[in-house]
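First residue of the sequence shown: 307, per this note's numbering; consecutive thereafter.
Cβ atoms here follow ideal geometry from the backbone N, Cα and C, with glycine treated the same way.
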Amino acid sequence: MLMSLTTIQGSVSAQGSDSVFVPETGHWIRGEFLTLYNSVSDPLLYFGYPITDDFVDSVTNHSVQYFQKARFEIVKTDSGEKAELSPLGSLLHEDNSQLANISEDGPTCRKFSNGIPVCYAFLQFYDAYNGASFFGQPVSKLEVIDNRYVQYFEYARMEWWPERTTGERVVLSDLGQLYFDKVVANPDLLKPSKTAAQGEMAHPIVNVFVHQALIGAGETQVVDIIVQNQYYQPIQGAQVGVTETLPDGSTQFYRLIETNEIGLSQLSLNVPNLEKKAVVRLKADVTINGEEAAGNGWFRIWW
């Protein structure tokens with residue numbers, strides 16, 4: 307994920323109040339699906355990026371949308387249609403996994419109404435992120451899968467990654483992707499949304515994102531150029547050039563490859579040997595079918 311984008315709200319673009327486009331995967335989130343997506347403090351943590359647009363499931367006849375970590379589906383309620391989480395944890399869990407050899411007693415564990423305990427960091431994560439609403443009841447005890455501790459809940463699966471830094475060791479599995487690959491397995495649904503029709507004025511919008519806003523001299527900086535049309539759909543085939551301006555006013559021009567199917571072109575550059583706190587400015591100039599647009603970015607030299 308780009309360092310400059312801490313939540314999905316920073317990386318999507320709105321066509322209206324009820325729809326946004328996510329350039330990272332090239333898919334829209336609309337209507338009730340967007341309402342549910344934005345109902346949490348950190349949609350990327352809970353749900354991840356969308357991997358499909360919404361479509362009608364041939365088995366349930368419900369409108370559904372897949373995300374990396376979840377699936378949303380439209381259900382009818384007394385107050386009208388609304389989006390709810392699908393119980394992917396329940397659907398994917400199998401009873402033949404090895405159980406972890408841990409104590410289930412004491413204040414570090416809690417037994418839920420179905421008698422299944424949740425312990426240690428998983429319990430802390432559950433309580434910190436409103437697990438009752440977004441993870442549901444546990445459906446398995448702590449298990450060992452591929453040499454990693456995991457535990458299934460109705461709507462999610464937690465994994466323990468001890469090699470990560472403190473505070474980031476509990477990770478939600480990509481259950482949406484796992485279920486899609488196992489059950490749906492239709493690669494056409496994963497394809498990015500179509501861009502504007504050929505010949506239509508695109509009115510390109512250019513965004514410049516650096517992977518590290520603060521970076522050391524001599525390191526490699528990665529710059530993402532994302533080009534969208536007036537409807538915030540990705541533009542493929544745009545010509546991109548980036549001008550790097552150093553604090554002394556000297557410049558370096560880079561010609562990039564054309565944008566891909568999600569409107570992305572990428573530049574890797576060596577950070578010059580500058581004093582700390584110096585700012586390097588970037589300008590991306592884009593041309594598509596005779597239309598021109600530009601976007602700006604920057605990064606700062608640090609320790």
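Please determine whether the Cβ atom of residue i lies at a distance below 7 Å from any heavy atom of the ligand SAH.
i, result
"tyrosine 432", "Of the ligands one can find in the structure shown there are none, so the ligand SAH has no counterpart to examine."
Run through DSSP, which three-state label would residue i get?
i, result
"threonine 414", "coil"
"glycine 596", "coil"
"leucine 580", "coil"
"leucine 570", "strand"
"serine 325", "strand"
"glycine 386", "strand"
"glutamate 522", "In the sequence under discussion, the amino acid at residue 522 is glycine, which differs from the glutamate named in the question. DSSP places glycine 522 in strand when its eight states are reduced to three."
"alanine 438", "helix"
"glycine 337", "helix"
"glycine 601", "strand"
"glutamine 374", "coil"
"aspartate 591", "strand"
"tryptophan 609", "coil"
"isoleucine 408", "coil"
"glutamate 379", "strand"
"aspartate 530", "strand"
Would you tell me roughly how many angstroms separate the C-alpha atoms of residue i and residue j, rounded to the nearest one?
i, j, result
"aspartate 324", "lysine 497", "22 Å"
"alanine 376", "asparagine 579", "44 Å"
"glutamate 465", "valine 529", "31 Å"
"glutamate 330", "glycine 412", "44 Å"
"glutamate 567", "glutamine 404", "42 Å"
"asparagine 420", "alanine 406", "19 Å"
"proline 468", "phenylalanine 428", "13 Å"
"tryptophan 610", "threonine 471", "Since the first residue shown for the chain is 307 and the last is 609, residue 610 is missing from the structure and cannot be characterised."
"alanine 508", "asparagine 535", "5 Å"
"glutamine 371", "aspartate 359", "6 Å"
"glutamate 598", "glutamine 539", "17 Å"
"valine 477", "glutamate 449", "15 Å"
"leucine 562", "isoleucine 594", "14 Å"
"histidine 511", "valine 533", "The amino acid at residue 511 is misidentified as histidine; the sequence shows isoleucine. Going by the C-alpha atoms only, they are around 6 Å apart."
"arginine 336", "glutamate 410", "42 Å"
"leucine 495", "proline 356", "11 Å"
"glutamine 483", "valine 489", "10 Å"
How far does the alpha helix (DSSP H) with residue i in it reach, from first residue to last?
i, result
"glutamine 430", "426-434"
"glycine 395", "394-398"
For residue i, is the classification buried or exposed, using 16 other Cβ atoms within 10 angstroms of its Cβ as the cut-off for buried?
i, result
"phenylalanine 559", "exposed"
"alanine 434", "exposed"
"phenylalanine 361", "exposed"
"threonine 565", "buried"
"tryptophan 604", "exposed"
"glycine 569", "buried"
"alanine 462", "buried"
"glutamine 338", "The sequence given here has glutamate at residue 338, not glutamine. Classification of glutamate 338: buried, given that the 10 Å Cβ count is 16 or more."
"glycine 555", "exposed"
"glutamate 460", "buried"
"alanine 590", "buried"
"alanine 600", "exposed"
"valine 445", "buried"
"valine 548", "buried"
"asparagine 436", "exposed"
"glutamine 457", "buried"
"alanine 438", "exposed"
"glycine 395", "buried"
Got a sec, what are the start and stop residues for the beta strand (DSSP E) residue i sits in?
i, result
"glycine 547", "545-551"
"glutamine 536", "Element bounds for glutamine 536: n/a, residue is neither H nor E."
"glutamine 558", "557-561"
Let me know the alpha helix (DSSP H) ranges lying completely inside the region 440-514, each 4 residues or longer, listed in chain order. Given a length threshold of 4 residues, each whole run of the alpha helix (DSSP H) inside the region 440-514 is given here in chain order: 481-485.
Which ranges would you report for the alpha helix (DSSP H) in the region 339-372 if only whole runs of at least 4 residues count? Unbroken alpha helix (DSSP H) stretches of 4 residues or longer found wholly inside the region 339-372: 349-352, given in chain order.
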